[in-house]
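6 is the number of the first residue of the sequence shown in the working numbering; add one for each residue after it. Okay, structure first, notes after.
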Amino acid sequence: MKKKIGIRVLVIIMMIIAICVIGNMIRKLEENDEGKFKIVTTFYPIFIMTSNITQGAQDIELVNMADMNAGCLHDYTLSTQDMKKLEKADVIIQNGLGLESFMDKILNTYSNIQIIDSSGNIGNKIEENGEMNNHVWTSLSNYILQVEEIAKRLSEVNPENKEIYEQNKENYINEIKKLQNKYQTELINVKNKKAICLNEAFSYLAKEIGLEIISVPTNHEESTLSAEKMRELIETMKREQITAILVDSQDDLKSAQTLANETGATIYELQSGLTGSVEMNSYLQLMQENLMTLKKIL
6 MKKKIGIRVL VIIMMIIAIC VIGNMIRKLE ENDEGKFKIV TTFYPIFIMT SNITQGAQDI
66 ELVNMADMNA GCLHDYTLST QDMKKLEKAD VIIQNGLGLE SFMDKILNTY SNIQIIDSSG
126 NIGNKIEENG EMNNHVWTSL SNYILQVEEI AKRLSEVNPE NKEIYEQNKE NYINEIKKLQ
186 NKYQTELINV KNKKAICLNE AFSYLAKEIG LEIISVPTNH EESTLSAEKM RELIETMKRE
246 QITAILVDSQ DDLKSAQTLA NETGATIYEL QSGLTGSVEM NSYLQLMQEN LMTLKKIL
């Protein structure tokens, strides 16, 4: 009987020790988080930019608010999990140009969060159908401006890491410019081409390389076009001998396939950079894929 009591006492003691150890580990994790400069990015493209800028920075925490596969934030609804990620955040980095329509709700809840608008220095904005096109990151030139703006503002609000931010910015931009030079030399003849574009995300990319496009707004999940619009596009493509249709690789291809069947045009699937891996060079890889695709139009 005494032996059983002794075993029970020993088990209880071991449980108490385990609880204390786990509690101590939790406290240490919480202590480690305290004092860190917390940066929250709104969605995937901005996260990749900021990851490259903050690599090696001391005492920071980088969190992405929306799910990495959330895609574009048009009509995005904030979740409870999203709002929780913003707790104790020092700064939130957005794309801007009206893409994050939920920003007022965030500021109503967390009024002390500083906002970095990555598009604050972009001048060649595109308006389509009376609305601002906010997919600026698909242009390498605009992407560079966004990286510069984020690095500049982060250096102001977190000066402890200014030197790291500035050096990372220079290194990253150098890599982007190398790819930009390839675009300029390998797509020099694309300026004589026309294409139908069924995703407004590529308007900035087309403008940068000189590709003339007819941009057609669609519901990308369903990719539905009215019969009247379809007839109009088919007539235009035949009249102007347009043989290229641009879509996002994540889009529904129903409308594109109908246009291709009626006109003999070819569908080219591009990468908008809205989703991808969290590797540091993921944007560069996606844009390299786009370069290879665009060369096929020639």
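Where is the CB? At the ideal position from N, CA and C, for every residue including glycine. Just so you know, these numbers come straight off a predicted model, no measurement behind them.
Which of helix, strand or coil does DSSP assign to residue i?
i, result
"Ala265", "helix"
"Gln255", "coil"
"Ile272", "strand"
"Asp109", "helix"
"Thr59", "helix"
"Met73", "coil"
"Lys43", "strand"
"Leu216", "coil"
"Gln68", "Note that residue 68 is Val in the sequence shown, not Gln. Val68 falls in the strand class under three-state DSSP."
"Met297", "helix"
"Met137", "strand"
"Thr82", "coil"
"Thr241", "helix"
"Leu303", "coil"
"Pro222", "coil"
"Lys7", "Unreliable positioning characterises Lys7 in this predicted model, as indicated by a pLDDT of 48, which lies under 50. A coordinate reading is not provided."
"Lys183", "helix"
"Glu165", "helix"
Nearest-angstrom Cα distance between residue i and residue j?
i, j, result
"Phe48", "Thr82", "13 Å"
"Ser254", "Asn129", "25 Å"
"Ala200", "Ile219", "6 Å"
"Glu40", "Ala62", "What sits at residue 40 in the sequence shown is Gly, not Glu. Going by the C-alpha atoms only, they are around 14 Å apart."
"Lys301", "Glu165", "47 Å"
"Ala211", "Glu217", "7 Å"
"Ile98", "Asn176", "20 Å"
"Ile250", "Cys77", "21 Å"
"Ile44", "Lys167", "14 Å"
"Glu233", "Glu133", "20 Å"
"Asn51", "Gln119", "It is worth fixing the name first, because residue 51 is Ile in this sequence and not Asn. Looking at the two C-alpha atoms, the distance is approximately 16 Å."
"Glu191", "Thr280", "26 Å"
"Asn138", "Leu291", "20 Å"
"Asp87", "Leu303", "43 Å"
"Thr143", "Glu284", "18 Å"
"Glu136", "Leu67", "32 Å"
"Glu105", "Met73", "15 Å"
"Ala94", "Ala75", "21 Å"
"Asn286", "Ile169", "18 Å"
Could you tell me if residue i is buried or exposed, where buried requires 16 or more neighbouring beta carbons within 10 angstroms of its beta carbon?
i, result
"Leu145", "buried"
"Ala206", "buried"
"Arg236", "exposed"
"Gly278", "buried"
"Val141", "buried"
"Asp109", "exposed"
"Val26", "With a pLDDT of only 46 at Val26, under 50, the local geometry of the prediction cannot be trusted, and the value read off the model is given with reservation. By the 10 Å Cβ count, Val26 comes out exposed."
"Asn37", "In this prediction, Asn37 has a pLDDT of 42, which is less than 50 and means its spatial position is unreliable; what the coordinates show is noted afterwards. Asn37 is exposed by the Cβ-count criterion."
"Glu231", "A quick correction: the sequence has Ser, not Glu, at residue 231. That one is exposed."
"Leu112", "exposed"
"Thr114", "exposed"
"Arg158", "buried"
Which whole-angstrom value is the C-beta distance of residue i and residue j, which I expect to be below 8 Å?
i, j, result
"Glu171", "Ala156", "6 Å"
"Val252", "Ile239", "Between Ile239 and Val252 the Cβ distance is about 16 Å, and since that is not below 8 Å, they are no contact."
"Met54", "Val152", "5 Å"
"Ser124", "Gly101", "4 Å"
"Ile58", "Asn173", "5 Å"
"Asp256", "Asn204", "6 Å"
Which residues does DSSP pair with residue i in a beta bridge?
i, result
"Lys199", "Glu217"
"Ala249", "Thr271"
"Asp122", "Gln99"
"Glu132", "Met137"
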